[in-house]
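Below: one structure, written as C-alpha cells.
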Amino acid sequence: MILVSACLAGCHCRYDGSSRGLSWIEEWVAQGRAIPVCPEQLGGLPTPRPPAQIVGGEGGDVLDGRAKVLTQEGEDVSESFVRGAEEALHFARLVGASAAVLKQRSPSCGCGAIYDGTFTGNMRPGRGVTAALLERHGIPVYSEEEEPGGVFGTEDS
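Quick note: the sequence shown uses numbering that gives the first Met the number 0, first residue 0, plus one each step.
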C-alpha cells in the first residue's frame, strides 16, 4: 500500500480548498494500491486555511522544536502540523504503507523542496513535517514529480 497526499488523489483539501489531482494517483487509489491522507486536516486545520510555511529550518527541525510553521499572518500552527504528521505516520503503519508519494513544496508533504518561509514564492531544499517524520520511521517518501514506474517498478503513469 502506498500513502499519497489526498490533494493528489483529487480531494479538495489544499489550503485554498483546491486539489492537485493526478490521474495516475487517482487510478492507484481506485485500484486499492494507494490510500489518501491530508496531514494538515488530520492535525485539525480547516479547509480552506491561511497559507503556512516553515520558518527557521525544515520539517525535521519543526519536529525537534528548532523551527516553526507559521501562517502568513504570523500564527504558529506548528502543533497542528506535528499532530497531523503523527496521525499520518499512525495511518501509514495501520495500512502497512511501504512508501509515500507526497505533494512537493508543501510545508507538510514537501519532499526535496519547500517554500523558504518568506511568503515570496522562493524555494529552498528541505522536507515538510510529515515527509520528515515518515522518513525518520523508515518509510520512503517520493514527490509526485518523480516517475512512478521508476519509483515503484511499474509501468503505470
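Ideal Cβ placement from N, Cα and C applies to all residues, glycine included. What you are looking at is a predicted structure, and each value in this text was computed from that prediction instead of being measured.
Using only the alpha-carbon positions, how far apart do residue i and residue j sit?
i, j, result
"residue 58", "residue 29", "30 angstroms"
"residue 139", "residue 98", "5 angstroms"
"residue 193", "residue 110", "With the chain represented from 0 up to 156, any question about residue 193 goes unanswered, as that position is not in the structure."
"residue 137", "residue 24", "22 angstroms"
"residue 33", "residue 19", "16 angstroms"
"residue 45", "residue 121", "25 angstroms"
"residue 56", "residue 65", "7 angstroms"
"residue 76", "residue 3", "22 angstroms"
"residue 7", "residue 1", "13 angstroms"
"residue 9", "residue 63", "32 angstroms"
"residue 127", "residue 51", "11 angstroms"
"residue 115", "residue 123", "6 angstroms"
"residue 73", "residue 61", "16 angstroms"
Considering only the beta carbon of each residue, do residue i and residue j sit closer than 8 angstroms?
i, j, result
"residue 83", "residue 16", "no"
"residue 68", "residue 53", "yes"
"residue 100", "residue 134", "no"
"residue 107", "residue 80", "yes"
Given that a residue counts as buried once 16 or more other Cβ atoms are within 10 Å of its Cβ, and exposed if not, what is residue i?
i, result
"residue 93", "exposed"
"residue 129", "buried"
"residue 95", "exposed"
"residue 105", "buried"
"residue 47", "exposed"
"residue 103", "buried"
"residue 78", "exposed"
Just grab the DSSP bridge partners of residue i for me.
i, result
"residue 93", "Beta-bridge pairing links residue 93 to no other residue."
Those runs of the alpha helix (DSSP H) which lie wholly inside the segment 95–150 and span at least 4 residues: 128–135
Contained beta strand (DSSP E) runs [length at least 3] in the segment 14–65, N- to C-terminal order: 33–36 and 51–54
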